[in-house]
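For reference, the structure discussed in these notes is given below.
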Amino acid sequence: MSNLLLDDKPLVIQPKLAELLGDLDEAVILQQIHYWLEKRLNIKDGYSWVYNSMVEWNKQFPWLSLKTLKRKFKSLEDEGLLITGNYNKAKFDRTKWYRIDYDAFSNLGNALGQNDLTNVSNCPNAKGQNDTTNTIEYTENNNIDTTTTDITEIKIIYEFWKSNIGSLSPYLCREIQTIYNDWKEVSKQPKEMILESIKMAIEKDIKNINYIKTILKRWYNNRIYSLKDLEKDQEQFEKNKQRKSSKNKKKSMFIDARTQDHSKSTEEAWEAFWNG
Numbered sequence: 001m002s003n004l005l006l007d008d009k010p011l012v013i014q015p016k017l018a019e020l021l022g023d024l025d026e027a028v029i030l031q032q033i034h035y036w037l038e039k040r041l042n043i044k045d046g047y048s049w050v051y052n053s054m055v056e057w058n059k060q061f062p063w064l065s066l067k068t069l070k071r072k073f074k075s076l077e078d079e080g081l082l083i084t085g086n087y088n089k090a091k092f093d094r095t096k097w098y099r100i101d102y103d104a105f106s107n108l109g110n111a112l113g114q115n116d117l118t119n120v121s122n123c124p125n126a127k128g129q130n131d132t133t134n135t136i137e138y139t140e141n142n143n144i145d146t147t148t149t150d151i152t153e154i155k156i157i158y159e160f161w162k163s164n165i166g167s168l169s170p171y172l173c174r175e176i177q178t179i180y181n182d183w184k185e186v187s188k189q190p191k192e193m194i195l196e197s198i199k200m201a202i203e204k205d206i207k208n209i210n211y212i213k214t215i216l217k218r219w220y221n222n223r224i225y226s227l228k229d230l231e232k233d234q235e236q237f238e239k240n241k242q243r244k245s246s247k248n249k250k251k252s253m254f255i256d257a258r259t260q261d262h263s264k265s266t267e268e269a270w271e272a273f274w275n276g
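Each residue of the sequence shown is one higher than the last, beginning at 1 in full-length UniProt numbering.
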């Protein structure tokens with residue numbers, strides 16, 4: 001049994017990488033792909049690529065079922081950390097080629113203040129190379145330019161999320177960064193508005209990004225771009241609520257002549273009404 005701990009070549013990752021991705025298996029997969037990319041065995045259009053069938057990949061991650069492994073790879077693709085390509089000679093060969101989007105990875109790590117996650121973050125993305133080819137079947141996301149102030153504010157949002165909702169996946173980090181940049185276009189208080197939307201979601205006990213986006217969309221559609229605008233909107237909501245409550249109260253006090261017992265005197269009718 002001790003040989004399992006000593007003889008096999010280990011797959012080593014930094015704990016912070018697993019923390020960043022929110023998934024230990026995805027961290028191991030990403031680190032292993034980085035290992036193969038560093039060997040630079042397949043250079044295409046200025047980038048190092050690695051390719052394998054899922055069955056072959058499964059031999060490197062034997063503790064995962066093939067179905068689970070496919071899901072992990074798909075997750076890394078959806079998160080924008082893995083870029084896929086097709087450089088196969090035969091048109092019918094659909095084996096995927098992979099490379100890591102090191103820029104996206106670095107942006108994610110920097111936004112979280114994790115500058116020492118792994119050597120992965122120090123690798124260049126071979127900028128300046130011509131990446132246009134008919135054989136590549138993907139569209140890269142453009143990098144979002146952020147200032148030091150923006151990064152600081154986004155970090156505050158991340159920390160608030162982690163303290164009040166839970167861990168952050170790369171998908172959530174990118175969603176929050178996109179929301180922040182969208183709100184920065186219309187608001188002088190993007191951080192404050194996003195934090196308020198998260199607080200509202202917490203109060204409603206609906207702690208997911210889609211509900212938060214729904215709140216922000218309503219504010220955007222109603223031109224509620226600042227905390228002052230939000231305060232006015234809430235005041236108006238309370239006034240409308242009180243007006244509606246008052247209207248319903250008056251309605252309930254109205255005596256419908258058709259339901260009155262005309263055999264009784266007016267005084268008796270009122271007494272019957274008030275006493276139920």
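Ideal placement from N, C-alpha and C gives every residue a C-beta, glycine not left out.
Please read these numbers as outputs of a predicted model, since none were measured by experiment.
| query | result |
| --- | --- |
| Taking the continuous beta strand (DSSP E) assigned at V186, which residues delimit it? | Looking at the DSSP string, V186 is not in any beta strand (DSSP E), and its letter there is neither H nor E. |
| Using a threshold of 8 Å, state whether the C-beta atoms of S169 and G22 are closer than that. | yes |
| By a C-beta neighbour count over all protein chains shown, 10 Å radius and 16 as the cutoff for buried, is K72 buried or exposed? | buried |
| From I13 to A27, what does the alpha carbon distance come to, in whole angstroms? | 7 Å |
| Could you give the DSSP three-state label for I194: helix, strand or coil? | helix |
| Which residue marks the beginning of the beta strand (DSSP E) containing R71, and which one marks its end? | R71 -> not in any beta strand (DSSP E); alpha helix (DSSP H) instead, spanning 66–78. |
| Can the beta-carbon of R99 be found less than 8 Å from the beta-carbon of L37? | yes |
| For D150 and Y102, which I take to be in contact (beta-carbon distance under 8 Å), what is that distance rounded to the nearest angstrom? | With 8 Å as the limit, D150 and Y102 do not qualify as a contact, their Cβ atoms being about 21 Å apart. |
| Taking just the CA atoms, how far does F61 sit from I43? | 24 Å |
| How about E192 and L227: are their beta carbons less than 8 Å apart? | yes |
| Quick one: Cα of A201 to Cα of Y47, how far? | 42 Å |
| May I ask whether a heavy atom of the ligand ATP can be found less than 7 Å away from the beta carbon of K232? | This structure simply doesn't include the ligand ATP, nor any ligand for that matter. |
| Tell me which residues share the same chain as S197 and place their Cβ nearer than 7 Å to its Cβ, disregarding the 5 neighbours each side in the sequence. | I212, I215, L216 |
| What does K44 pair with, by DSSP beta-bridge criteria? | Y47 |
| Just to confirm my understanding: we take R40, look at its own chain, exclude 5 residues before and 5 after, and list those with CB closer than 6 Å. What are they? | S48 |
| Determine the closest residue to K204 out of I165, E231, N52, with distance taken between C-alpha atoms. | I165 |
| Using a 10 Å radius around the Cβ and a threshold of 16 neighbouring Cβ atoms, would you call Q236 buried or exposed? | exposed |
| Would you please state the rounded distance, in angstroms, between the beta carbons of N58 and L76? I believe it to be under 8 Å. | Not a contact, Cβ separation roughly 15 Å. |
| Suppose you measure from the CA of L81 to the CA of I29; what does that come to, to the nearest Å? | 11 Å |
| Note down the Cα distance separating K199 from Y35, rounded to an integer number of angstroms. | 41 Å |
| Pull up the DSSP beta-bridge partners for residue 352, would you. | Because the chain in this structure spans residues 1 to 276, residue 352 falls outside the shown range and cannot be described. |
| Report yes or no: is there a C-beta of chain B within less than 8 Å of the C-beta of E231? | Looking at the structure shown, chain B is missing, and only one protein chain is on hand. |
| Could you check if E159 is buried or exposed, using at least 16 other CB atoms within 10 Å of its CB as the buried criterion? | exposed |
| So who's on the other strand from I100, going by DSSP bridges? | L82 |
| Let me know the secondary structure DSSP gives D93 once reduced to three states. | coil |
| In whole angstroms, what is the alpha-carbon distance linking K155 and I194? | 12 Å |
| I'd like the span of the alpha helix (DSSP H) that includes N58, first residue to last. | 54–60 |
| Given this structure, state the Cα-to-Cα distance separating V55 from S106, to the nearest angstrom. | 30 Å |
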